[in-house]
Each structure stands twice: as C-alpha cells, then as structure tokens.
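First the structure, in the form of structure tokens, and then the observations on it.
2 protein chains.
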Amino acid sequence: MSGILSESALGRQVNGQMVMDCIIQHGPISRAQVAKMTGLSKQTVSELVSMLEECDWVRQVGSVQGRLGRTAVTYELNPCAGYVAVVDLGGTQLKLGIADMAGEFLEEIRAPLTDGGAHVVEQLLSNLAELLEKHDIPRSKLLQVVVGVPGIVDRKTRSVHHAPNLPALPGGGLETVLRGILAVPVLLENEVNLAAIGESWRGKGQGQGSFIFVAVGTGIGMGVMLDGMLWRGARGGAGEIGYMPVLTDEEMDEAARRHGALESVASGQAILRLYGEASQNPCIDLPQVFDLAASGDELALRAIDRVARSCARAIGASASVLDPELCILGGSIGGRPEMLERVRYWLAEMMEDPLPVDASSLGKRAGLLGALALALREVNGRHFSPQLPESIKHSETYLNMESVIQMD
Amino acid sequence: MSGILSESALGRQVNGQMVMDCIIQHGPISRAQVAKMTGLSKQTVSELVSMLEECDWVRQVGSVQGRLGRTAVTYELNPCAGYVAVVDLGGTQLKLGIADMAGEFLEEIRAPLTDGGAHVVEQLLSNLAELLEKHDIPRSKLLQVVVGVPGIVDRKTRSVHHAPNLPALPGGGLETVLRGILAVPVLLENEVNLAAIGESWRGKGQGQGSFIFVAVGTGIGMGVMLDGMLWRGARGGAGEIGYMPVLTDEEMDEAARRHGALESVASGQAILRLYGEASQNPCIDLPQVFDLAASGDELALRAIDRVARSCARAIGASASVLDPELCILGGSIGGRPEMLERVRYWLAEMMEDPLPVDASSLGKRAGLLGALALALREVNGRHFSPQLPESIKHSETYLNMESVIQMD
DNA sequence: CTACTTTGTTCATATGCAGAACTAAATACA
DNA sequence: TGTATTTAGTTCTGCATATGAACAAAGTAG
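Here is the structure:
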C-alpha cells in the first residue's frame, strides 16, 4: 500500500529520507551501493529499503550481473507511487498536466478559458477529474497540486497580488478552495518563479547553484535561485523587476507608473512602442518587428537594441546585488537569439567581468516543468515527515465538486 | 575541562545542539523548561546538560523559588567557556577585540597601521597576544578569529579581491597564514557583510528575517540578509552595488568605470564632486558640506539630494530584486538623518509601496559586532559537530611568531 | 500539617543503527 | 571443473540514545 511512512518510522526521518533521496537521484541502485553512498550500514539500508518497498515508494527493477561478485538487486523510485497535477493559469488559457513520481507527464492538455475565466475552478476541476479517470488514477494517489499564476503569491497571507491578467479567482483564495475540494496539498506559485525552478531542474540551470532567470515577454519578470533554492522574498515579490526604478523623473509617465518603470522600457510592449514611435506605424505586432529586424530594418533593430540595453541594465543591477553564476534569458522575447546577443553586448559594455548570459532551453514548457519539479520535491520531502502538514490535517471535510459552485 | 564534545557524543548531535541553543537563547533556564521547549524528555535533557556542564560549556546560575513547586536549578551559557577575537582591518587602522562566549567584549583596541600596513600580520598577532595575556586567556581557549576586510572575500578560492584600500596581505592568504600560526579557525568576511550581520544581531535588523544593509561612506556597499542568513553570492560578491550599472553611456567615464557606476554618483566622493563642480570650490571635505547644508546652502543641499536620489535608486532596484522587509542605512554618510530623509523621499517618489528605510543604530560598531556574532555562531555550531573542521584538523604544526616574517 | 505542584532522578524498556560473522551468488583463473 | 576471490545481502549481538513511568525531593497554598 502506498502511504505515509510516519506511523511506523517516527525515528528514522533523517536516514530514511537519505536513502529515499539516494534512490531517487541515483536511479536503479543496489542496497550495497546506497550503503556506501550514504555511509549507513548495509543492515540499516536493507531495513529502510524494505520499508520503502512495502509502502510502494520504491520497487525492484532488476539485477546487475557481469561484474565481479554476487548479483545485485537494484531498486528505483516507483513511478506509480503517486501522481501530481500541475497547472499553468494564464490570462486566456489553462494548461494542465498530470505526472507520475518519476516526473514523467502522462498527459498535458490546454484549454481556453471560457467566459473570460469566470469559472476557472470548475474548468480546472473537471479537466483534472477527466484526466485522472482516463489514466485510471484514484483520488488517493493524487498527492500534490501546483498552480502557476501570473502574479505575486504571498505565502504568509495566502493571497495573490498584482495579477491583472489573471481571471477572477474565488473569494477564499484559489489554494484554500482547491484544497478544500480535492483534500490534497495545493501550492500556488508565480509563473516566472516556476520557470526558474524548471530551468534549474531540467534546463540551463542544472548544476548551477545560483542563477537568475529573466523572462521577457509582454512584460518582464525574474526568478531568483540561490544555492538551488528559490528565493521568494518577504512577501513573495522577489524578482518583480518590472517595477525596478530605472527611469529619470521626466521619463516617468502614467504607463510607467502603473506597469513599472523597467517594464515600460524592457519588454515586448516597449519594443512595439519604440518601433511605433520611430516608424509612425503603430499597427504592427512583435513577430513583424522581429521579421523586419531580420531583413535589416534599422528602426526595428534599434527598438530591439534599446530594449536589450534596458534588459542588460536590469540584469547587471541584479547581478551586482546577488552575484549569481549565470543569467538565463527566457520568455517569448528573451529567448530569441537577437535579444540574447544584444543583451550580452550591452552587459559587457556596462561591466567588466560581465555575468554570463544564456538562453532558456525549455521555452514555454519551463513553467510547467518547474511546477512539476516543485510538486515532486514537496511530495518527496513528506515521505518521512512526522505527519501531514498542518494545513491538510485539519483540512475541511471532503467536499464534492458541486459545492464549489456555491462557494464561488 | 572545556573542549569539543564530539568524542563522547557522536550520536547526540541534533538534540545536544538543540539543548545548547535553547540555553544560549533563553538565558538562565531550568532543565524542566528546556525539556518542555525542546520536546525532549526530562531525563534526556538532564543527561545532556550534565555533559555540557562537565565540559564547562554551561554552568549553574542559581535557582528559582517563589513559584509553586520545587525549586528549579537554572543553567546558562558559561561565558568563560571560550573566547573569540574579532578584527576590523581598515585601510589605515586596525581594530581588534576579544569577547567571551556570552558576546561581551573584554576589551577593544584600535591601532594605526604602521608602514602603511606592511606588517599587518605581525601587528595583529602581537596585539592579540598582548590582549590574551592581559586577560589571562590561554591560547587553547581562543576558539575563533573573524577578520573584516574592505574587499570581496571568495570562500571557495580563499582569496580577497577588489580591496584597493587594504594593506598588502601575506602571499598565502591572510586566512591561511593566521590559521597556520594560531592553529585556530579563522574567517575572513567583507566588512559591510559583517555590519549587516551586526545589525541583524543587535541593531535594527533584530526580528527582521530579510533586510538589506546599505553602507554609504566614501563608497557604497550592501549586505544582504535573507531569512536571517547572510547571502554572500557565488563568488562572495553579493551586495557589491558600487558597480551597479546606473549610468547612461555618455555618463560612463574612467572614474566610473574603475570605482563603479553607482559609486560615482552615490557615495561621499560623489557629494564632494557634485558640490565641488557646482561651487567651483573643490578644497572642501564632507563634514563641511554637511555643515553648509545645515546652514541652508543650496548647492550643498542639492549635492546631498542628488546622491540620496542615486542611493534610493539602488535601494529600489535591490528591493525589486529581493523583496526584503527593510532597508537599513548605515556608514558615515548613510547614517546621517539628512540622507535618511532624502532617501525616503526619493524612494517614495519612484515606487508605490516603497521599502521602509531605517538608520543604523550601531554606527561604526556594526562591523565589529557583526564579526562577533559570526564568530559566536561558528563556535556554537561546532559544539556537537563530529570533529573539528577539516582545515584545522590537518592544520600546519604550530608555528611561532617569528616564522610569519619569513613567510611574508 | 496536609494537599498539591513542579523539579529532577532512577529504572525498565524500546529501537535505530553499527559491526562482525555468515550465507549467497556471481566471476577469475588454474 | 573446481577453487579462490569478490561482492551482495542477512542474521545476530551489542551499544547508545531516547522515552515513559514511577519515585524522590523540595517548594507553595491553605
């Protein structure tokens, strides 16, 4: 049976987690090897692995022959030990995926938000229910939900701020409502932060302890990874560089005040505005500007260059504050090679020993992958914890799907 | 006898440290209370406290009567369990203090560096030896040395960079040389980082999990505290905002390139330069400019205001990156009320919901206090660690004072 | 003087883990 | 083919750490 080990293993938290982590990280591995890596005795490891196997968290894979000595039975994380759901809540559409404990997506779907997002929760729940049924996953095996949102998530107050593009969320807070219905831990996280986690897990951030992920799209945002951990800030606002004060008093206009000083000069919008002002042709979209630039259009090139310089300034400022190892550029605009090149150029202009800049390798999937990484980390961190988190333990009684409509 | 507990207590690291920390933090406290606070059984706590008492790390203080029940014997950290030395290595002088484990300074001295600092190590060692002798402290009771330096300390490479004001350091690295001679753990740390730790321990940062400490003096620097921990950066360069790129290409001159773009507009030097340019009177020093400002001199006021605005911009930028709870302004310039007021004004101008700014309450002592806090934390963290740090274990044989002169 | 409360110790017990001895099952080589 | 060697994994014994209950000690409340 799959379940929390805590009742039977109150005193083995540290070593149990060590063994579990070792098996997760080092794939199919024998107990003897685990013992060597963790420094525990073979006996202890055998005991712990038996426990983990009994609870279905790990499983035998096969055996290793060919080398000297007795055949080794190898163990690996049992992918079907549990499942997680990850959600990317955009302004116009909903991306949803379910994955097993090995981090493999069983399915990803995307659906446009109906009614401008008036019924996000219902849409989300019905899509999730559908997926679970289709893949024959019982509710009890759904262990974590992570939702990415385009806004600032304050974990203390459990609220989402500064999310103009987000559809109206239910009153009690999306997290509380979803947890109440699903009776499963739910985590909300800023989408750029998730993308940073994603890059750290499967992208250019692998092996980098500390880096910043800068997403340039319609706007600009940043995710801060320090020593492998996401830094969220005191109120969840870390990396909200759109509001970085980079303008002189004269340049500060109403738009800059509302959307942020940096965002008004370092974003897709800024490229459009700059090109529109220079060319007197405001009816143009971003792909067109980049096409023009590719064909050598001076005005388009200059608009892109100006924005790249502003991005470089923000990256340089962040680098002087944090001293990271790397900057990963992402987002629909930031991921383009033209931007990367110009940002690198300007960064080298403004600082000696400039921070290395690289382009995201995950693209649009960074967010969902980051949500998955976060979900898996949450679940894996709970294996040997003394009990379910307080929030779930005293959770509301299991509500059925209909009740949310009344709550909304 | 005072010593490392490890030989006798290999398996009690976690709980032993818990009990020790509890006694350190909650002052004179009875064993029963420790048991309640830590959740351990009375029996276990009694055993651990006996151990700690035997090793002289804690001592009985007295007993608590008056309340219902049996008299409680209270314990506290034994101040004479060990001593630490803290050093502030400036460009022209040396500050040195020794303190007991309770964090009380026994003595602080300051001495000008002779020969422009050619013999820092010798001066430091002779002063330290003098202090130890005077207060009758055997070498074996000196448990940690922390040295604050005006430069970037890279812990991985054990080197000090960007320290133009620092006297020539010995070839092998100050840390290695001192450790070799004293046979004691030595930690080098940037002086602004130390001041930030100091503010967190005994200043305005108390109770603040995350804040930035901005020191404005001749130059400008920052210390970043995140969740009570100092963030040093990948190469020790976090908070080196002097190099923050805030200038336009035209403004970037040679001086700005060398000392940093922000430092050229947000520092004591910048105030002098701005006032000098405006008044055509370059032969003036900083106190005079502030005196002039106090008497209403428009040019002086404007120079200070411009610099305050630049500081506010850097603080705002840092806040957008980190989302701290507070900014503490310090340094010889930053600590002045005129600066505080102007920085607050400009910060409010450039961002809605501006970061709260407060003035340092420790002043010049912040650095030494921070070094002390760091030293105590180091020592207290070692009580139950399995062994002395690798660096010390394989340390060079004890060298006498003469040998350093040959090494230099 | 008795009842009650809190501190601290003693004793029996559970258990997590290490280390040695042992079994199991492969390869290496004569 | 058989023996030596090597590695994997189990069993057994023992120790150290911690718990919990019972008990002793030492105070206050009335």
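Chains A and B are the protein sequences, given in the same order.
Numbering-wise (the working numbering), the first sequence opens with residue 1 and increments by one.
Numbering-wise (the working numbering), the second sequence opens with residue 409 and increments by one.
For each residue, glycine too, the CB sits at the ideal point set by N, CA and C.
Segment limits, beta strand (DSSP E) that includes residue i
{"i": "I628 of chain B", "result": "I628 to L634"}
{"i": "S818 of chain B", "result": "The question about residue 818 of chain B has no answer, for chain B in this structure spans 409 to 816."}
{"i": "M637 of chain B", "result": "M637 to W639"}
{"i": "T74 of chain A", "result": "A72 to L77"}
{"i": "V58 of chain A", "result": "V58 to V64"}
{"i": "V177 of chain A", "result": "Unbroken run through V177 of chain A is the alpha helix (DSSP H), L174 to L182; no beta strand (DSSP E)."}
is_contact[residue i, chain B] using C-beta, thresh 8 Å
{"i": "P282 of chain A", "result": "no"}
{"i": "I392 of chain A", "result": "With a pLDDT of 34 at I392 of chain A, under the threshold of 50, the modelled position of that residue is not reliable, and no figure is offered here."}
{"i": "L399 of chain A", "result": "Per-residue confidence for L399 of chain A stands at a pLDDT of 30, beneath the threshold of 50, marking its modelled position as unreliable; no derived number is given."}
{"i": "E199 of chain A", "result": "no"}
{"i": "E240 of chain A", "result": "yes"}
{"i": "L174 of chain A", "result": "no"}
{"i": "G276 of chain A", "result": "no"}
{"i": "M37 of chain A", "result": "no"}
{"i": "L329 of chain A", "result": "no"}
{"i": "R202 of chain A", "result": "no"}
{"i": "R313 of chain A", "result": "yes"}
From the options, residue whose alpha carbon lies closest to that of residue i
{"i": "E240 of chain A", "options": "A:A278, A:T248, A:N190 and A:M252", "result": "A:N190"}
{"i": "M633 of chain B", "options": "B:V600, B:D661 and B:P653", "result": "B:V600"}
{"i": "L550 of chain B", "options": "B:G742, B:I679, B:R610 and B:L586", "result": "B:L586"}
{"i": "E325 of chain A", "options": "A:L52, A:I212 and A:C311", "result": "A:I212"}
{"i": "R819 of chain B", "options": "B:E659, B:D699 and B:N689", "result": "This structure does not reach residue 819 of chain B, given that chain B is present from 409 up to 816, and the question cannot be answered."}
{"i": "M747 of chain B", "options": "B:L777, B:L655 and B:G676", "result": "B:G676"}
{"i": "V145 of chain A", "options": "A:G151, A:N165, A:V186 and A:P287", "result": "A:V186"}
{"i": "P354 of chain A", "options": "A:A312, A:L369 and A:L368", "result": "A:A312"}
{"i": "V673 of chain B", "options": "B:G645, B:G704, B:V624 and B:P695", "result": "B:V624"}
{"i": "G641 of chain B", "options": "A:V289, A:T218, A:R306 and A:S318", "result": "A:S318"}
{"i": "N380 of chain A", "options": "A:A348, A:T92 and A:G103", "result": "A:G103"}
{"i": "G738 of chain B", "options": "B:D766, B:S718 and B:V568", "result": "B:D766"}
{"i": "I723 of chain B", "options": "B:S740, B:W639, B:M758 and B:C430", "result": "B:M758"}
{"i": "H383 of chain A", "options": "A:D56, A:G27 and A:R31", "result": "A:D56"}
{"i": "S618 of chain B", "options": "A:I109, A:T218 and A:A238", "result": "A:A238"}
{"i": "E76 of chain A", "options": "A:G223, A:R344, A:V19 and A:A111", "result": "A:V19"}
Near the ligand GTP: residue i beta-carbon under 7 Å from a heavy atom
{"i": "Q451 of chain B", "result": "The ligand GTP is not part of this structure, which contains no ligands at all."}
Closer than 8 Å to chain A by CB, residue i
{"i": "Q795 of chain B", "result": "At Q795 of chain B, the pLDDT of 49 sits below 50, so the modelled position is not reliable; the number obtained from the coordinates is stated separately. It does not; no Cβ of chain A falls within 8 Å."}
{"i": "I628 of chain B", "result": "no"}
{"i": "D713 of chain B", "result": "no"}
{"i": "E733 of chain B", "result": "yes"}
{"i": "V632 of chain B", "result": "yes"}
{"i": "W639 of chain B", "result": "yes"}
{"i": "Y651 of chain B", "result": "yes"}
{"i": "S726 of chain B", "result": "yes"}
{"i": "A642 of chain B", "result": "yes"}
{"i": "M349 of chain B", "result": "The first residue shown for chain B is 409 and the last is 816, placing residue 349 of chain B beyond what the model contains."}
{"i": "G419 of chain B", "result": "no"}
{"i": "G617 of chain B", "result": "yes"}
{"i": "R790 of chain B", "result": "no"}
{"i": "G645 of chain B", "result": "yes"}
{"i": "V557 of chain B", "result": "no"}
Terminal residues of the alpha helix (DSSP H) in which residue i lies
{"i": "E53 of chain A", "result": "K42 to E54"}
{"i": "M426 of chain B", "result": "Q421 to Q433"}
{"i": "Q677 of chain B", "result": "G676 to S687"}
{"i": "I197 of chain A", "result": "E191 to R202"}
{"i": "E648 of chain B", "result": "Element bounds for E648 of chain B: n/a, residue is neither H nor E."}
{"i": "V87 of chain A", "result": "V87 of chain A -> not in any alpha helix (DSSP H); beta strand (DSSP E) instead, spanning Y83 to L89."}
{"i": "A774 of chain B", "result": "A774 to R790"}
Beta-bridge pairing of residue i - partner residues as DSSP gives them
{"i": "D253 of chain A", "result": "For D253 of chain A, which the question treats as bridged, DSSP gives no partner whatsoever."}
{"i": "F513 of chain B", "result": "B:A507"}
{"i": "T38 of chain A", "result": "Its beta-bridge partners do not exist; DSSP assigns none."}
{"i": "Q93 of chain A", "result": "A:P112"}
{"i": "S30 of chain A", "result": "A:T74"}
{"i": "D358 of chain A", "result": "A:I328"}
Report the start-end ranges of each beta strand (DSSP E) in the segment 698-751 of chain B that is 3 residues or longer and not cut off at the edges. Entirely contained in the segment 698-751 of chain B, the beta strand (DSSP E) runs reaching 3 residues are, in chain order, 734-738.
List in chain order: all unbroken beta strand (DSSP E) runs of 3+ residues lying wholly within the segment 532-571 of chain B. Listed in chain order, the beta strand (DSSP E) runs fully inside the segment 532-571 of chain B are 550-557, 560-562 and 567-569, counting runs of at least 3 residues.
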